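Just so we're aligned: the sequence shown equals residues 47 to 162 in the working numbering.
Here a beta-carbon is modelled for each residue, glycine too, at the ideal position from N, C-alpha and C.
These numbers come from a predicted model, not from an experiment.
One structure is given here, and the rest of the page talks about it.
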Amino acid sequence: MAYILAKQSTLNGVKRNLYYVVESYRDNGKIRRRTLLNLGEAQDTSQALVSINLERKRLTEEIEKDREKIAHPKMDYYGRPFTKPFVQDLAKNRNKLKELGIYEEKVKEMQAMYKL
């Protein structure tokens with residue numbers, strides 16, 4: 047089950063409240079915690095959703111740039127298309143975008159569950 051974890055941190059003498067979407071699971075009988083998303087200094091779940099949407103927008107823009115670079119590749123010295131790094135970046139960004147959708151659903155579930 048995913049939930050929001052709040053931690054206090056001190057940076058240069060200034061106290062900050064940091065928020066994370068985390069999930070509990072068992073590994074060989076031990077309870078473990080996995081961080082799904084770092085929300086930063088979000089104050090509540092609605093602000094967390096805003097940060098998720100901003101990250102989604104940024105990733106979507108990166109995916110479009112990578113697609114454009116693949117469609118119109120630069121050529122190397124020998125005239126071969128130079129696309130391999132862009133294909134890898136595109137795959138990574140697509141996976142991140144899928145994960146963001148999962149995180150957004152979990153935050154919305156938490157909002158509904160706790161009526162936030």
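Please report the distance separating the alpha-carbon of Val67 from that of Tyr149. Here residue 67 refers to the residue found at position 21 of the sequence shown. Here residue 149 refers to the residue found at position 103 of the sequence shown. Straight-line Cα distance between these residues: approximately 8 Å.
Rounded to the nearest angstrom, what separates Glu34 and Arg80 at their Cα positions? This structure cannot speak to residue 34, because the chain is shown only from 47 to 162.
Beta strand (DSSP E) containing Tyr124: first to last residue? Within the sequence shown, numbered from 1, the residue matching residue 124 stands at position 78. That residue, Tyr124, is in no beta strand (DSSP E); it is neither H nor E in DSSP.
Proximity of Glu87 and Leu64 at Cβ, strictly below 8 Å: For the purposes of this step, residue 87 is taken as residue 41 along the sequence shown, with counting starting at 1. For the purposes of this step, residue 64 is taken as residue 18 along the sequence shown, with counting starting at 1. It is a contact, given that the beta carbons lie within the stated cut-off.
Leaving aside the five residues before and after Leu83 along the sequence, list all residues of the same chain whose C-beta is less than 6 Å from its C-beta, in chain order. Counting from 1 along the sequence shown, the entry for residue 83 is found at position 37. In chain order, Val67, Tyr149 place their CB closer than 6 Å to the CB of Leu83, counting only its own chain and leaving out the 5 sequence neighbours on each side.
Just how far apart, CA to CA, sit Ile98 and Lys152? Position 52 of the sequence shown, counting from 1, holds the residue named residue 98. Position 106 of the sequence shown, counting from 1, holds the residue named residue 152. Taking the straight line from one Cα to the other gives about 12 Å.
How is the beta strand (DSSP E) around Asn63 delimited, first residue to last? For the purposes of this step, residue 63 is taken as residue 17 along the sequence shown, with counting starting at 1. For Asn63, the enclosing beta strand (DSSP E) begins and ends at 60-73.
What separation, rounded to the nearest whole angstrom, lies between the Cα atoms of Asn74 and Lys111? To locate residue 74, count along the sequence shown from 1; it is residue 28. To locate residue 111, count along the sequence shown from 1; it is residue 65. Whole-angstrom Cα-Cα distance: 43 Å.
Apart from the five residues just before and just after Arg78, which ones in its own chain have a Cβ nearer than 6 Å to its Cβ? If you number the sequence shown from 1, residue 78 lands on position 32. Closer than 6 Å at Cβ, skipping near neighbours: Tyr71.
Let me confirm a value: Asn139 is counted as buried when at least 16 other C-beta atoms fall within 10 Å, else exposed. Which label applies? The residue given as residue 139 occupies position 93 in the sequence shown. Asn139 is buried by the Cβ-count criterion.
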